[in-house]
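Below: the structure, in structure tokens.
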Amino acid sequence: MLSGVLVVLALGVLHRAHRAYVQWMWTQPTFAPVTILDDAYEVRAIAWSERSAAALLIARVFAADGSEAYTCMTGMRDEVKHLRFLAWFFLVNLSAHTSNANMVGCFDRATGKLVGFYMYHDLQNAGTSALGWLMGGIAWAAMELGARGFARMVNMGAWHDDHFKQMTRAEESTRPRWVFERMVIDDACQGRGLGSAMLHARLIPAADALGALVVLSTQKEANVQYYAKAGFTRSHRAHFGPSEGGFDSVFMIRQPARAAVVKE
Numbered sequence: 002m003l004s005g006v007l008v009v010l011a012l013g014v015l016h017r018a019h020r021a022y023v024q025w026m027w028t029q030p031t032f033a034p035v036t037i038l039d040d041a042y043e044v045r046a047i048a049w050s051e052r053s054a055a056a057l058l059i060a061r062v063f064a065a066d067g068s069e070a071y072t073c074m075t076g077m078r079d080e081v082k083h084l085r086f087l088a089w090f091f092l093v094n095l096s097a098h099t100s101n102a103n104m105v106g107c108f109d110r111a112t113g114k115l116v117g118f119y120m121y122h123d124l125q126n127a128g129t130s131a132l133g134w135l136m137g138g139i140a141w142a143a144m145e146l147g148a149r150g151f152a153r154m155v156n157m158g159a160w161h162d163d164h165f166k167q168m169t170r171a172e173e174s175t176r177p178r179w180v181f182e183r184m185v186i187d188d189a190c191q192g193r194g195l196g197s198a199m200l201h202a203r204l205i206p207a208a209d210a211l212g213a214l215v216v217l218s219t220q221k222e223a224n225v226q227y228y229a230k231a232g233f234t235r236s237h238r239a240h241f242g243p244s245e246g247g248f249d250s251v252f253m254i255r256q257p258a259r260a261a262v263v264k265e
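Taking our numbering, the leading residue of the sequence shown gets 2, the next gets one more, and so forth.
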């Protein structure tokens, strides 16, 4: 009985320490805010207090868009449950990223509303804390998805990482390699050039300045054409899962406009 109480108390202390550490990491400055589109919007780093809004925005856009990857991941036909799970998944994902993840938000300056988001991080060390997933309720995810569904979620992440690493394996080991993901624009702000302006406000100049390779995956052909305008080229197409119920992803890569000098 006493040992059980001590375990619970220890987990509570661990949870608080982990939360304090992650919050501290999120307070570290990343880049100065940039105004875009006639100063109507501001692009800046996401704050700790804004992660829930970011997770919900990502979940809403991906659920409404009918993302095959996340439909395959959850296997849920109930739209409400699917959206709820995605909101949890992205919240824990954002919270668990710590030292080397750059999370970029676009805010309407008139209302302060978050209307766009993307993130990028180092390929070799995603910066995701396993403890963060544990504290975020990974056991709940296992119960919601079942054993097969949970295994599918884990395997899907590993499958993407394997393809990203294969794409960049021949490159110089000293060159930064980033994964770009989770790009979404609020439905009400579509068609204004917001996504392109966001990319040119942070990701593209940062990658060019550091000579970084950037990789991504997408399931939609329209996105392939969109990212091609930002300098990404198609690498290959791959299929995840069974022929029925799985999905195809197109993997793309962007070379820096000019290679940065990397010191040994």
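We treat Cβ as the ideally placed atom computed from N, Cα and C, and that holds for glycine.
Everything numeric in this text was worked out from a predicted model, so none of it was measured.
When secondary structure is reduced to three states using DSSP, Thr169 falls in the helix class.
Excluding the 5 residues flanking it on each side, Leu124 has same chain C-beta neighbours closer than 6 Å at Phe165, Arg178 and Val180, in chain order. Rounded to whole angstroms, the separation of the alpha carbons of Ser53 and Ala88 is 8 Å. Around the Cβ of Gly158, a 10 Å sphere holds fewer than 16 other Cβ atoms; the residue is exposed. At a Cβ-Cβ threshold of 8 Å, Phe118 and Ile205 do not count as neighbours. In the three-state reduction of the DSSP assignment, Asp249 falls in the strand class, which pools E and B. Across the set His161, Leu211, Ala202 and Arg203, the C-alpha of His161 shows the shortest separation from the C-alpha of Leu217. Annotation: Ala210 is outside any beta strand (DSSP E); the continuous alpha helix (DSSP H) that includes it extends over Ile205 to Leu211.
Residue Gly113 holds the alpha-carbon nearest to the alpha-carbon of Ala41 among Asn224, His240, Ala213 and Gly113. For Met77 against Phe86, the beta-carbon gap comes to about 7 Å, under 8 Å, which counts as contact. In the DSSP secondary-structure assignment, Ala46 is bridged to Val105. Within 10 angstroms of the beta-carbon of Asn94 lie 16 or more other beta-carbons, which makes it buried. DSSP, reduced to helix, strand and coil, places Asp163 within a helical segment of the structure shown.
Here Gly67 carries a coil assignment [DSSP, helix/strand/coil].
Rounded to the nearest whole angstrom, the C-alpha separation of Arg61 and Val185 is 9 Å.
DSSP places Phe32 in the coil class of the three-state scheme, outside both helix and strand. With a cutoff of 8 Å on beta-carbon distance, Asp249 and Arg235 are scored as not near each other. DSSP places Arg178 in the uninterrupted beta strand (DSSP E) bounded by Arg178 to Ile186. Out of Gln191, Thr36 and Glu172, the CA that lies nearest to the CA of Ile254 is found in Glu172. Distance check between Arg176 and each of Met144, Ala213 and Gln256 places Ala213 closest, using alpha-carbon atoms only.
In the DSSP assignment, His201 falls outside any beta strand (DSSP E) and carries neither an H nor an E. Under the three-state reduction of DSSP output, Ala111 falls in the coil class, being neither helix nor strand.
The shortest CA-to-CA distance from Ala208 to any of Gly232, Met168 and Gln191 is the one to Gly232.
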